[in-house]
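Participant: Residue numbers 1 to 208, in this note's numbering, belong to the letters of the sequence shown in order.
Beta carbons are placed, not taken as given, at the ideal position from N, Cα and C, and that holds for glycine.
Since the model is a prediction, treat every value here as computed from it, not as a measurement.
Below is the structure I would like to discuss, written out as structure tokens.
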Amino acid sequence: MTEEAITLHYIDAALLVVEKAAGLLSVPGRLPENRDCLVTRLQALYPGALTVHRLDQVTSGLMLYARGAPAQAALSAQFRERGVHKRYEAVVEGLLEADAGEIDLPLICDWPNRPRQRVDAVHGKPSLTRWRVRERDAAGLRTRVALEPVTGRSHQLRVHLASLGHPIVGDVFYGAQASSRVHLHACELGFAHPATGAPLRFRSPAPF
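Structure below.
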């Protein structure tokens, strides 16, 4: 394992900001063949790196890790209290008619088909996504969108966009046609430094 194997955006005594590749797990899976993941690779280079949040295996982009338990507690609290700025970029199938909007649909795990999630108006947890069109590809029948998840439910962006009839390109799990990858990328991450309170913001361009 070499440091070059991980794209590092920022490091100090309290935290790490790194880039996760699409297809790599954020944390270890249950099966032995799913032990390889970003946090395990990080800990080989930076002992004491601790998970603060997760991205789906199919999603690429910016991730924040703490260095030590006090930083982990402080950063986790920011996520819990919705003090973290998160923006994603996606390409979806079809042409969205409106230029912007909100998707307010409660989500719950579809237990017989887990880890699949589904909309459930009775038992689902409140879930809100804001979206804005960045570009329409009329010839390719695709739309590039900026996404802001106000809540942070599992698979939220993927299920919400599929619920509009516009699944994310490559997301066959939620009804899209097969592609080289799922076109979803965590492109902005902003938060307060856990030790100093200074605002930090990082950006990563979508690789698709």
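Tell me the DSSP secondary structure of E97 in three-state form.
Facilitator: Stepping through the sequence shown from its first residue, residue 97 is reached at position 97. E97: coil per DSSP, three-state reduction.
Participant: What are the start and end residues of each continuous beta strand (DSSP E) run of 3 or more residues lying completely inside the region 123 to 181, in chain order?
Facilitator: 128 to 137 and 142 to 149
Participant: Which of helix, strand or coil does DSSP assign to M1?
Facilitator: Mapped onto the sequence shown, residue 1 falls at position 1. Since pLDDT at M1 reaches only 35, below the 50 mark, its modelled position is unreliable, and the value read off the structure follows with that caveat. The answer is coil: DSSP assigns M1 none of H, G, I, E or B.
Participant: Can you tell me whether DSSP reads L210 as helix, strand or coil?
Facilitator: A query on residue 210 cannot be resolved here, the shown segment of the chain reaching from 1 to 208 and no further.
Participant: How long is the line joining the alpha carbons of P266 and T196, rounded to whole angstroms?
Facilitator: This structure cannot settle anything about residue 266, because the visible part of the chain is limited to 1 through 208.
Participant: Considering V39, what are the terminal residues of the beta strand (DSSP E) in which it resides?
Facilitator: Residue numbering aside, residue 39 sits at position 39 when the sequence shown is read from its first letter. That residue, V39, is in no beta strand (DSSP E); its alpha helix (DSSP H) goes L38 to L45.
Participant: For the region 96 to 111 against the region 52 to 65, are there 3 or more C-beta pairs whose distance is under 8 Å?
Facilitator: no
Participant: Should P32 go down as buried or exposed, given a rule of 16 or more other Cβ atoms within 10 Å for buried?
Facilitator: Residue 32 sits at position 32 when you count from the first residue of the sequence shown. Its Cβ having fewer than 16 others within 10 Å, P32 is exposed.
Participant: Are the region 19 to 35 and the region 156 to 163 touching by the rule of at least three beta carbon pairs closer than 8 Å?
Facilitator: no
Participant: Beta carbon of A22, beta carbon of V52: below 7 Å?
Facilitator: For this step, residue 22 is matched to residue 22 along the sequence shown. For this step, residue 52 is matched to residue 52 along the sequence shown. No, the Cβ-Cβ distance between A22 and V52 is not below 7 Å.
Participant: What residue does the beta strand (DSSP E) around H185 start on, and which one ends it?
Facilitator: In the sequence shown, residue 185 corresponds to position 185, counting from 1. Here the beta strand (DSSP E) through H185 covers L184 to A192.
Participant: Are the CB atoms of L128 and V150 nearer to each other than 7 Å?
Facilitator: Against the sequence shown, residue 128 aligns to sequence position 128. Against the sequence shown, residue 150 aligns to sequence position 150. Yes. Within cutoff.
Participant: What is the DSSP secondary structure of R201, counted as helix, strand or coil?
Facilitator: Here residue 201 is taken as the residue at index 201 of the sequence shown, counted from 1. Strand.
Participant: Given that a residue counts as buried once 16 or more other Cβ atoms are within 10 Å of its Cβ, and exposed if not, what is R82?
Facilitator: Translated into positions along the sequence shown, residue 82 becomes position 82. By the 10 Å Cβ count, R82 comes out exposed.
Participant: If distances are taken between C-alpha atoms only, which option among A73, V18, R114 and L147 comes closest to Y46?
Facilitator: Against the sequence shown, residue 46 aligns to sequence position 46. Nearest of A73, V18, R114 and L147 to Y46, Cα basis: V18.
Participant: For the candidate residues T143, S76, L184 and H185, whose alpha-carbon lies nearest to that of H166?
Facilitator: Here residue 166 refers to the residue found at position 166 of the sequence shown. For H166, the nearest C-alpha among the options comes from T143.
Participant: According to DSSP, which residues form a beta bridge with G61?
Facilitator: The residue given as residue 61 occupies position 61 in the sequence shown. K20 and A186, per the DSSP bridge assignment.
Participant: Exposed or buried, which one is R158 when buried takes at least 16 other CB atoms within 10 Å?
Facilitator: Within the sequence shown, the letter at position 158 stands for residue 158. Buried, since its Cβ has 16 or more Cβ neighbours within 10 Å.
Participant: Any idea what DSSP makes of R87, helix, strand or coil?
Facilitator: Start at 1 with the first residue of the sequence shown, and residue 87 comes out as number 87. Of the three classes helix, strand and coil, the one that applies to R87 here is strand, per DSSP.
Participant: Using a Cβ-Cβ cut-off of 8 Å (strictly less than) and excluding sequence neighbours within five positions of S179, which residues of its own chain qualify?
Facilitator: Along the sequence shown, one-based indexing puts residue 179 at 179. Hits under 8 Å: V169 and G170.
Participant: Is A49 helix, strand or coil by DSSP?
Facilitator: What you label residue 49 is simply residue 49 of the sequence shown in a count that begins at 1. Note: A49 maps to strand in three-state DSSP.
Participant: Under the DSSP definition of a beta bridge, which residues are partnered with L15?
Facilitator: Counting from one through the sequence shown, the residue named residue 15 turns up at place 15. Beta-bridge pairing links L15 to A66.
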